[in-house]
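Engineer: Taken in sequence, the protein lines are chains S and Y. Note that the working numbering numbers the first sequence so that position 233 is 259, with each residue one more than the last. Note that the working numbering numbers the second sequence so that position 94 is 120, with each residue one more than the last. Pasting a structure here, questions to come.
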Amino acid sequence: MTSDRIDAYLDDLLDRLEGAPSERRRILAEVEAHLRDSAEAFLHRGLDADTAQSAAIAAFGDAPMFAKASNRRRPAQVLAACVRAAAQLGAYGFAAIGAATLLARALTLVTSTQWVYGAPAGYPFTAAQCAHWLAVQPGANTCGTAAALESSDDSFLLILATAILGLMIAGMILGGMRLAHGRRGRAMSRLPGNVIAAIGATAFLGAGLALLAAGAVQGRNRVAWGHGVLYADGAVALIFGLVFLGRFLLTIRPVPLAAG
Amino acid sequence: MGKDRIKGNLDLLLLAALARGPKHGYELVASIREGSDGEFVLAEGTVYPALHALESRGLVTSSWQVVSGRRRRVYELQSAGRAARDQQAAEWRRFAIGMNRVVGDLS
Numbered sequence: 027m028t029s030d031r032i033d034a035y036l037d038d039l040l041d042r043l044e045g046a047p048s049e050r051r052r053i054l055a056e057v058e059a060h061l062r063d064s065a066e067a068f069l070h071r072g073l074d075a076d077t078a079q080s081a082a083i084a085a086f087g088d089a090p091m092f093a094k095a096s097n098r099r100r101p102a103q104v105l106a107a108c109v110r111a112a113a114q115l116g117a118y119g120f121a122a123i124g125a126a127t128l129l130a131r132a133l134t135l136v137t138s139t140q141w142v143y144g145a146p147a148g149y150p151f152t153a154a155q156c157a158h159w160l161a162v163q164p165g166a167n168t169c170g171t172a173a174a175l176e177s178s179d180d181s182f183l184l185i186l187a188t189a190i191l192g193l194m195i196a197g198m199i200l201g202g203m204r205l206a207h208g209r210r211g212r213a214m215s216r217l218p219g220n221v222i223a224a225i226g227a228t229a230f231l232g233a234g235l236a237l238l239a240a241g242a243v244q245g246r247n248r249v250a251w252g253h254g255v256l257y258a259d260g261a262v263a264l265i266f267g268l269v270f271l272g273r274f275l276l277t278i279r280p281v282p283l284a285a286g
Numbered sequence: 027m028g029k030d031r032i033k034g035n036l037d038l039l040l041l042a043a044l045a046r047g048p049k050h051g052y053e054l055v056a057s058i059r060e061g062s063d064g065e066f067v068l069a070e071g072t073v074y075p076a077l078h079a080l081e082s083r084g085l086v087t088s089s090w091q092v093v094s095g096r097r098r099r100v101y102e103l104q105s106a107g108r109a110a111r112d113q114q115a116a117e118w119r120r121f122a123i124g125m126n127r128v129v130g131d132l133s
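Here it is as structure tokens:
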């Protein structure tokens, strides 16, 4: 059983190393070559195989210390990885905003513009507001309908434009980072996929539940405009959150508890 | 010699050892130990994170090679690494001269 100690050391180390698979595979291969060279040298000095492996491991240093040093990243790398993750999550966020805007618009076809975008019941419209909204929405025959149509047009265009602009900015950040790293010929730093999935699941599920709750409260109390929009936003956020949650559950793997 | 003192100068030791030719990690440790007449005994695992950091700074490059029948990552000094070695060596010499003067005055 001459390879047991080095194999056990490498198993322990693999469990502790962080980073991309290629990076961990490379470190593991380097460490194995080193330990086998070192054990061979101790063997030539007269130690038995098992003691030679123990001596090689002792000279190398323990796995937790080595992994801690290997996992350490320069602040610039950590910052780049965080910016990249924020841009990725931002892109998903703006995509969700765009999708929710389209869903809200579609909801008006099966419910009503008033339910999705309208003012709460008994809203005190001023004469000037009514005159303005009826003038810009000539198809409306009441002040409330005109206000709902105007709110629908304004929020649809404004939010859709914001979503597109946000997606473009996030795309430019990600593209710029990829270009900069490509020029330097180095691999781009990134946060582990399950960390991004966990953040995405938490943020989108939290936002989804909060928006649905706000929609329900406003639907009952009728204190604010457009409670149908809140339901649409909440539903889309929940869908994005569930996708992130699924990705998170697929990428995590339970590890055995250390003995003793 | 104290491990902290070696650790503080590990980059220079690695760059200087690589200036004598490409080497893999185990060879580097042996080269530093033998070059210092056994004075610098490193915790061998410490050289790899240091080598990877030097590589990410563009001072050394590495590639897989089969050496003595085993696949090993061999490191090679780049021109930027040579310049860094020269600069760090000059700083070390100034420091050593200063230390010697002060220590010499005490004796």
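The beta carbon of each residue, even a glycine, is placed where N, CA and C say it ideally should be.
Which one of Y/104, Y/119 and Y/122 has the shortest CA to CA distance from residue 80 of chain Y?
Structural biologist: The residue with the shortest Cα to Cα distance from residue 80 of chain Y is Y/104.
Engineer: Can you pull out the residues from the region 32-65 of chain S whose beta carbon lies closer than 8 Å to at least one beta carbon of chain A?
Structural biologist: Protein chains in the displayed structure are S and Y, and chain A is not among them.
Engineer: Which residue comes first and which comes last in the beta strand (DSSP E) that contains residue 96 of chain Y?
Structural biologist: Residues 96-103.
Engineer: Determine the chain Y residues that contact residue 87 of chain S at a beta-carbon separation under 8 Å, and present them in chain order.
Structural biologist: Residues of chain Y passing the Cβ test: 69, 70, 71 and 72.
Engineer: What three-state label does DSSP hand residue 251 of chain S in the structure shown?
Structural biologist: Residue 251 of chain S: coil per DSSP, three-state reduction.
Engineer: Quick check: the Cα distance between residue 260 of chain S and residue 270 of chain S, rounded to an integer number of angstroms?
Structural biologist: If I take the Cα positions, the gap works out to 15 Å.
Engineer: CA-CA distance, residue 173 of chain S and residue 135 of chain S?
Structural biologist: Taking the straight line from one Cα to the other gives about 17 Å.
Engineer: From the DSSP output, in three-state form, read off residue 87 of chain Y for me.
Structural biologist: Three-state DSSP puts residue 87 of chain Y in a strand.
Engineer: Just mark residue 118 of chain Y as buried or exposed, buried being the case when its beta carbon has 16 or more other beta carbons within 10 Å.
Structural biologist: Answer is exposed; the Cβ neighbour count stays below 16.
Engineer: Using 8 Å as the threshold, is the C-beta distance between residue 87 of chain S and residue 69 of chain Y below it?
Structural biologist: Closer than 8 Å, so yes.
Engineer: Note down the Cα distance separating residue 102 of chain Y from residue 35 of chain S, rounded to an integer number of angstroms.
Structural biologist: So the two alpha carbons sit approximately 28 Å from each other.
Engineer: Please classify residue 94 of chain S as buried or exposed, where buried requires at least 16 other C-beta atoms within 10 Å of its C-beta.
Structural biologist: Exposed, since its Cβ has fewer than 16 Cβ neighbours within 10 Å.
Engineer: Can you list, in chain order, the residues of its chain with a C-beta nearer than 7 Å to that of residue 196 of chain S? Leave out the 5 residues immediately preceding and following it.
Structural biologist: Answer for residue 196 of chain S: 113, 116, 117 and 120, listed in chain order.
Engineer: Would DSSP call residue 67 of chain Y helix, strand or coil?
Structural biologist: In the structure shown, residue 67 of chain Y sits in coil (DSSP, three-state: anything other than H, G, I, E or B).
Engineer: Starting from the C-beta of residue 215 of chain S, find all residues in its chain whose C-beta is less than 8 Å away, skip the five residues before and the five after it, and write them out in chain order.
Structural biologist: So the qualifying residues of the chain are 99, 103, 104, 106, 107 and 110.
Engineer: Measuring only the C-alpha atoms, how far is residue 224 of chain S from residue 187 of chain S?
Structural biologist: Cα-Cα distance, rounded: 28 Å.
Engineer: Taking the continuous alpha helix (DSSP H) assigned at residue 278 of chain S, which residues delimit it?
Structural biologist: Neither: residue 278 of chain S is in no alpha helix (DSSP H) and is coded neither H nor E.
Engineer: DSSP on residue 34 of chain S, reduced to helix/strand/coil?
Structural biologist: It is helical.
Engineer: Going residue by residue through the region 55-113 of chain S, where are the continuous alpha helix (DSSP H) segments of at least 4 residues, counting only ones entirely within it?
Structural biologist: Counting only runs of 4 or more, we get 75-86 and 89-97.
Engineer: Which two residues bound the contiguous alpha helix (DSSP H) that contains residue 82 of chain Y?
Structural biologist: Residues 73-82.
Engineer: Using the Cα positions of residue 33 of chain S and residue 97 of chain Y, report the straight-line distance between them to the nearest angstrom.
Structural biologist: Using only the alpha carbons, I get a separation of about 17 Å.
Engineer: Establish whether the CB of residue 52 of chain Y and some CB of chain S are separated by less than 8 Å.
Structural biologist: Yes, residue 52 of chain Y lies at the interface with chain S (some Cβ there is under 8 Å from its Cβ).
Engineer: Compare the C-beta of residue 99 of chain Y with all C-beta atoms of chain S and state if any pair is closer than 8 Å.
Structural biologist: True, the Cβ-Cβ gap to chain S drops below 8 Å.
Engineer: Given this structure, state the Cα-to-Cα distance separating residue 114 of chain Y from residue 53 of chain S, to the nearest angstrom.
Structural biologist: Their Cα atoms are separated by approximately 27 Å.
Engineer: Measuring alpha carbon to alpha carbon, tell me which of S/182, S/97, S/91 and S/58 ends up nearest residue 79 of chain S.
Structural biologist: Residue 79 of chain S has its Cα closest to that of S/58, out of S/182, S/97, S/91 and S/58.
Engineer: Which residues mark the beginning and the end of the alpha helix (DSSP H) in which residue 59 of chain Y is found?
Structural biologist: Per DSSP, residue 59 of chain Y belongs to the alpha helix (DSSP H) from 51-61.
Engineer: Can you tell me the Cα-Cα spacing of residue 86 of chain Y and residue 56 of chain S, whole angstroms?
Structural biologist: Cα-Cα distance, rounded: 16 Å.
Engineer: Could you have a look at residue 27 of chain S and say whether DSSP puts it in helix, strand or coil?
Structural biologist: Here residue 27 of chain S scores only 45 on pLDDT, less than 50, and its place in the model should not be relied on; the value that follows carries that caveat. Residue 27 of chain S: coil per DSSP, three-state reduction.
Engineer: Contact check, residue 278 of chain S vs residue 189 of chain S under 8 Å by CB: the rounded distance?
Structural biologist: Not a contact, Cβ separation roughly 31 Å.
Engineer: My assumption, with CB atoms under 8 Å, is that residue 252 of chain S sits in contact with residue 149 of chain S. Please give the rounded CB distance.
Structural biologist: Not really, about 12 Å apart at Cβ, beyond 8 Å.
Engineer: My parser needs the alpha helix (DSSP H) runs of 4 or more residues fully inside the region 128-190 of chain S; what are they?
Structural biologist: As far as the region 128-190 of chain S is concerned, its whole alpha helix (DSSP H) runs of at least 4 residues are 139-143 and 153-162.
Engineer: Taking the alpha-carbon positions, what's the residue 32 of chain Y to residue 76 of chain S distance?
Structural biologist: Residue 32 of chain Y and residue 76 of chain S: Cα-Cα distance of roughly 30 Å.
Engineer: DSSP puts residue 93 of chain Y in a beta bridge; with which residues?
Structural biologist: Y/96, per the DSSP bridge assignment.
Engineer: Whole-angstrom Cβ separation of residue 107 of chain Y and residue 44 of chain Y, contact assumed at under 8 Å?
Structural biologist: About 7 Å separates the two Cβ atoms, so the contact holds.
Engineer: Using 8 Å for Cβ pairs, my map puts residue 237 of chain S next to residue 268 of chain S. What's the rounded Cβ distance?
Structural biologist: That belief does not hold up - the Cβ atoms of residue 237 of chain S and residue 268 of chain S are roughly 14 Å apart, past 8 Å.
Engineer: I'd like the list of long-range same chain contacts for residue 69 of chain S, defined as Cβ closer than 8 Å, with 5 residues on each side in sequence excluded.
Structural biologist: Same-chain partners within the cutoff: 75 and 78.
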